[in-house]
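Q: First the structure, then my questions, so here it is.
In UniProt numbering, the protein residues as written are 1 to 142.
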């Protein structure tokens, strides 16, 4: 079972995301921050956990693979959905023709994140160009 990170329960989603961005900055020298737009709302626990885990995985990928100097997590609260985009200015990568082929090209973490989003009725999209960074966009019903 997915254990709930204590920081999520103690502080909530946005402070938990800010804490991860701060960690990236202090420990890895990557300029990272969180931006929030829209009317902030309380999200179901499983939605908070999903967004936290996806941000965690994305920021870990940035730290390990992207060779980025900057990362941004954007949360956008809409009327019926919440959208989160995690972007970096790193080296990017070649995307497969179909998103369903992410696992086949060794992007297991991305494939897992996509499946998690799908389980909550959401979508996960990856935009990446070699030499121009990567943006991961997840949108789930709120």
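All C-beta atoms, glycine included, are put in the ideal place defined by N, C-alpha and C.
For residue 90, count neighbouring Cβ atoms within 10 angstroms of its own Cβ and tell me buried if that reaches 16, exposed if not.
A: Here residue 90 refers to the residue found at position 90 when the chain shown is read from its first residue. With 16 or more other Cβ atoms within 10 Å, it is buried.
Q: Looking at residue 30: is its Cβ nearer than 8 Å to the Cβ of residue 54?
A: In the chain shown, residue 30 corresponds to position 30, counting from 1. In the chain shown, residue 54 corresponds to position 54, counting from 1. It is not a contact, given that the beta carbons lie outside the stated cut-off.
Q: Note down, one range per segment and in chain order, each alpha helix (DSSP H) of at least 4 residues found wholly within the UniProt domain "Histidine kinase" (51-142).
A: List check, alpha helix (DSSP H) in window: 108-119.
Q: Compare the Cα-Cα distances from residue 12 to each of 88, 72, 45, 23 and report the closest residue.
A: Residue mapping note: residue 12 aligns to position 12 of the chain shown, counting from 1. Of 88, 72, 45, 23, the residue nearest in Cα terms is 45.
Q: From the DSSP output, in three-state form, read off residue 37 for me.
A: Walking along the chain shown from the start, residue 37 turns up at place 37. Note: residue 37 maps to strand in three-state DSSP.
Q: In terms of residue numbering, what span does the alpha helix (DSSP H) encompassing residue 4 cover?
A: By 1-based counting over the chain shown, the position of residue 4 is 4. Here residue 4 belongs to no alpha helix (DSSP H), and DSSP marks it neither H nor E.
Q: Within 10 angstroms of the Cβ of residue 41, are there 16 or more other Cβ atoms? Answer buried if so, exposed if not.
A: For the purposes of this step, residue 41 is taken as residue 41 along the chain shown, with counting starting at 1. That one is exposed.
Q: Whole angstroms are fine: how far does the CA of residue 10 sit from the CA of residue 84?
A: In the chain shown, residue 84 corresponds to position 84, counting from 1. In the chain shown, residue 10 corresponds to position 10, counting from 1. Going by the C-alpha atoms only, they are around 21 Å apart.
Q: Considering only DSSP beta bridges, list what residue 32 is partnered with.
A: Mapped onto the chain shown, residue 32 falls at position 32. Paired residue(s): 71.
Q: Per DSSP, what kind of secondary structure is residue 43 in: helix, strand or coil?
A: As a first step, residue 43 is located in the chain shown; it is residue number 43 there, counting from the start. In the structure shown, residue 43 sits in coil (DSSP, three-state: anything other than H, G, I, E or B).
Q: Count the other CB atoms, across all protein chains shown, that sit within 10 Å of the CB of residue 131; report buried if there are 16 or more and exposed otherwise.
A: As a first step, residue 131 is located in the chain shown; it is residue number 131 there, counting from the start. When all chains shown are included, residue 131 counts as exposed.
Q: Let me check understanding here. Comparing Cα to Cα, which of 122, 86, 126 lies closest to residue 101?
A: To locate residue 101, count along the chain shown from 1; it is residue 101. The shortest Cα separation from residue 101 among 122, 86, 126 belongs to 126.
Q: Mind reading off the beta-carbon distance from residue 138 to residue 122? Whole number of angstroms is fine, and I expect it under 8 Å.
A: Position 138 of the chain shown holds residue 138. Position 122 of the chain shown holds residue 122. 6 Å between Cβ atoms; contact.
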